[in-house]
Amino acid sequence: MVRFALWSLWSLLLSVTVATGAEVEGCEADVASALQVMGRVKNPDDDSPPEEDPADDDDEDPPEEPEDDDDEDPEEDPDVPIVLEPEECEQVCCYSRFSSPESLCGCLADHSISCNFCSSPYFATPSEYHVPDSGSFNVSILVNETGLTTISQLEVGLGLAGFHLQTLGITLLGPNAESLRLKGAEPDQPDETQEVHWVFSNRPGCNDCKEPVDSLSQLQGKEAKGTWTLMFETDPEVLNGLVSWVELSLTSC
Ligand SMILES: *[C@@H]1O[C@H](CO)[C@@H](O)[C@H](O)[C@H]1NC(C)=O
Ligand SMILES: *[C@@H]1O[C@H](CO)[C@@H](O)[C@H](O)[C@H]1NC(C)=O
């Protein structure tokens, strides 16, 4: 029974392919057009009788045309899972600034990859934060990455726009209540509100980095996992600006 059905399907495909002639390009196009003609796949915009060449229908790309070359059945789920090669997988799922979907990062387990945050840092970002119109506020970052142990190097990245930089104070609180002053009020600096992108770091040779008031190397050997907090102290009399970027860059050996 199944065999007969397959045979009749195949012969139909063949006959339609022959009927549509040489203008149809490629085997996949043939199968897709043929299935469409047979009514297995409906194209709501296509009222043309089956005798006409469906390949002429160029401007209306039928959504059921298979995009993956080997898929013979256009009725199958078009969401083909993305398969990452081991190197891509490690890059995307370990060291990206953007958290990757868990569905994608099953590749870590599949290839038995463990992230090496000694060679490349782990980037931690807040899942959400709220900046009040005025007054001091905190931004918390939960670090819950099992591949991290103790800190070898820490950097803090911040993007700010519209804050009064002269009066702005920033303090970092570690998971075990370590308190490090990153920036104090700077009365001798001009009161500017321009956009800044700061990387607080004590990495030797980093010219673009901003030196924190307290050295971040104090955190070497301390636990990386836990809740980190950035405390922003602002002049309550003036409006706050925009926090456009917050990240911790954690290296752990
Ligand atoms: C920020 O967090 C610290 C430590 O948890 C807390 O003492 C302080 O009150 C918080 N500040 C604000 C403005 O929420
Ligand atoms: C932290 O990670 C562990 C293990 O990966 C998980 O079970 C736990 O729910 C996570 N905690 C939070 C607050 O996300």
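Under mature numbering (1 follows the signal peptide of the UniProt record, and there is no 0), the letters of the sequence shown match residues -21 to -1, 1 to 232, in that order. Don't be surprised by glycine CBs; every beta carbon is placed ideally from N, CA and C. Fair warning: this is a prediction, and the values are worked out from it, not measured in the lab.
For E81, no alpha helix (DSSP H) run applies, since DSSP gives it neither H nor E. For ligand 1, a non-hydrogen atom lies closer than 7 Å to the CB of F116.
The beta carbons of V178 and K189 sit about 6 Å from each other, so the pair counts as a contact at 8 Å. For V71, the enclosing alpha helix (DSSP H) stretches over residues P65 to C73. DSSP, read as helix, strand or coil, puts S196 in helix. Apart from sequence neighbours up to five positions away, the residues of its chain that approach G114 with a beta-carbon distance below 6 Å are P215, ordered along the chain. The closest heavy atom of ligand 1 lies less than 7 Å from the beta carbon of L152.
Annotation for T208 indicates a beta carbon within 7 Å of some heavy atom of ligand 1. Across the structure, M210 and F116 are spaced so that their CA atoms are roughly 6 Å apart. Here A88 carries a helix assignment [DSSP, helix/strand/coil].
About 4 Å separates the beta carbons of E134 and S180, which is inside the 8 Å limit, making them a contact pair. Take S158, set aside five residues on each side of it, and the residues of its chain with a beta-carbon closer than 7 Å to its own are T150 and L152, in chain order.
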